[in-house]
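Comments concern the structure below.
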Amino acid sequence: MGDEHTAASCTEALQTAHPPPPTSKVGTPSKLPPLPRSQDLPIKRGDAEPLTREDLQYDLLYYIFADRTVAFVDFLAPGKPLVNFCDLYVNALYNSSKCSKVLKDKMVETPAFAIEFAKISLLTNVGRINTTMAFFPEMKTALRSYHPVPSLQKTDGNLQDAPRIKNCLKAALLPSEFKGTPPSSPLEILEKARAGQIPPTSVVNLIFVLANSNNSQQIAHSHFDPPVEFLDLFLPVNLSSNSRAKAFLWLMFHYLQGPDKPNPFDDDYSRANPGKVPRLRHLTPEEMARENVDPADEIEWGRRMSTQRSKFLKELVDEMEAEKKKAREPQPAPMPAPTTSTFSDAWHIAASTDPLNDSDEEQDEHVRLDYNRRLRVLSRLRGKEPTPEPESEPVAPPSGMQPSQQFTQQTTPPSGSDGATGRLSQVQSWR
């Protein structure tokens, strides 16, 4: 995102839109209960049910994006400066080839929105938000469910839906990674870092690799004490949000800047145990209850948006039912066309059609049958009375014939002639 989104803008946005969560005293170490595993990773809620701070692990997200440690090389920024994680991640989203111009403009105009979008994107990055979720109440498709997110919709209620966020993340790569295949294993990333390629991959792709179930055992064995795994950092477990955020940032530096450099997120435990994340602090049930608490205004806003969603769905169902009812109603009978006799139809066709027209353009059998019907009608008409009598030329009487004999000979038809029509006489006259 260049010079437009700086560490100062991240700090101001966090202070104005996301006040720090209430602090709690660290409890004494206690035995970890069985931790949920990857099959429980995606958040599962019914349609119109709000996503609470506990669902999102809001305090964890706050500590991750509020950390001001300048330690990461931003390969996409002019001059490749060192930046904090917040600016690194937001800038990676901003420079994604699938980030729309409208979204980019909104991120520049409202830095607080950029951080909200980055937080929901990080949850999508690790798999907590799956691609069946959407965050605007007017969604019509049955393939996704709507969920208000009160804690992350304070600046703009219309977040991107999860599939668009996932597409944006998939395209958030380094320029060199578009030409080939990005690294897909932790060892491959570390090899690139040790070879001097800093950063060895984009921060978004690194998180995809660490969250991949194929790499979970390797990551857990290398960096965590049993039974904790990488994805457990984003689940509701009895580990403090602050210590989980430190462990996450430690992993980001370890892989993006190289394992051989001093890690600014180290503590005494990680220094004494090379390759291990900083100590994860256990919480008592009482301390867990004090984390990720939903304020009253967020609870009310979530209820209001759920009601709005229910109203929208009711109106949509009513509209669909009205359309179905209208489709079932009998259609009005068509107006009867004026009837004509067969003779009138044939006469009109004969008078308005040129019989000499070429018939090569006849389209189908119906046209041929129509011509046959016309021919039969005309044939019947020709055989009916009155048929005009043919005009015959007068024959001169023989000399010496009386007038009465002349009349009788002219009116008496010759043998074999048709007295009704005079057709034979006509034929004889042609001869």
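The opening residue of the sequence shown carries number 193 in our numbering; numbering runs sequentially from there.
Positions of the beta carbon are idealized from the N, C-alpha and C atoms, including for glycine.
Cβ pair residue i, residue j closer than 9 Å
{"i": "C291", "j": "L285", "result": "yes"}
{"i": "N668", "j": "I399", "result": "For the chain, the structure presents residues 193 to 623; residue 668 sits outside this window and is missing."}
{"i": "D232", "j": "L427", "result": "yes"}
{"i": "N484", "j": "R245", "result": "yes"}
{"i": "T347", "j": "A304", "result": "yes"}
{"i": "L280", "j": "D266", "result": "yes"}
{"i": "G494", "j": "P342", "result": "yes"}
{"i": "I411", "j": "G450", "result": "no"}
{"i": "R314", "j": "I256", "result": "According to the sequence shown, residue 314 is Leu rather than Arg. Cβ distance < 9 Å, so L314 and I256 count as in contact."}
{"i": "V282", "j": "A258", "result": "no"}
{"i": "R312", "j": "I357", "result": "Reading off the sequence shown, one finds Ile at residue 312, where the question assumed Arg. Closer than 9 Å, so yes."}
{"i": "R320", "j": "L248", "result": "yes"}
{"i": "S408", "j": "F422", "result": "yes"}
{"i": "L448", "j": "A488", "result": "no"}
{"i": "L573", "j": "F535", "result": "yes"}
{"i": "N455", "j": "F445", "result": "yes"}
{"i": "P340", "j": "P270", "result": "no"}
{"i": "K438", "j": "D424", "result": "no"}
{"i": "L443", "j": "L402", "result": "yes"}
{"i": "V569", "j": "A519", "result": "no"}
{"i": "V395", "j": "F504", "result": "no"}
{"i": "L295", "j": "Q345", "result": "no"}
{"i": "R566", "j": "A542", "result": "yes"}
Cross-strand partners of residue i (DSSP beta bridge)
{"i": "L431", "result": "H474"}
{"i": "A326", "result": "Y338"}
{"i": "Q265", "result": "Sequence check: residue 265 is Val here, not Gln. According to DSSP, V265 bridges with L274."}
Segment limits, alpha helix (DSSP H) that includes residue i
{"i": "A284", "result": "F277 to Y286"}
{"i": "C360", "result": "A354 to K362"}
{"i": "H540", "result": "T534 to S544"}
{"i": "V401", "result": "V395 to A403"}
{"i": "N317", "result": "P303 to V318"}
{"i": "S414", "result": "S408 to H415"}
{"i": "E383", "result": "P378 to R386"}
{"i": "I256", "result": "Y250 to A258"}
Kindly confirm or deny that the stretch 457–469 and the stretch 491–507 touch, where touching means at least three C-beta pairs closer than 8 Å. no
Whether or not the stretch 231–249 and the stretch 320–330 are in contact is what I'm after, with contact meaning three or more pairs of Cβ atoms, one per stretch, closer than 8 Å; do they touch? Touching, yes.
Inside the stretch 441–519 only - alpha helix (DSSP H) runs reaching at least 4 residues: 460–464 and 477–481
Answer yes if the stretch 355–364 comes into contact with the stretch 373–383, meaning at least three C-beta pairs across the two stretches below 8 Å, and no otherwise. By the Cβ test, the stretch 373–383 is not in contact with the stretch 355–364, since fewer than three Cβ pairs between them sit closer than 8 Å.
Could you say if the stretch 415–422 and the stretch 473–487 meet the contact criterion of at least three C-beta pairs nearer than 8 Å? With the cut-off at 8 Å, the stretch 415–422 and the stretch 473–487 do not touch.
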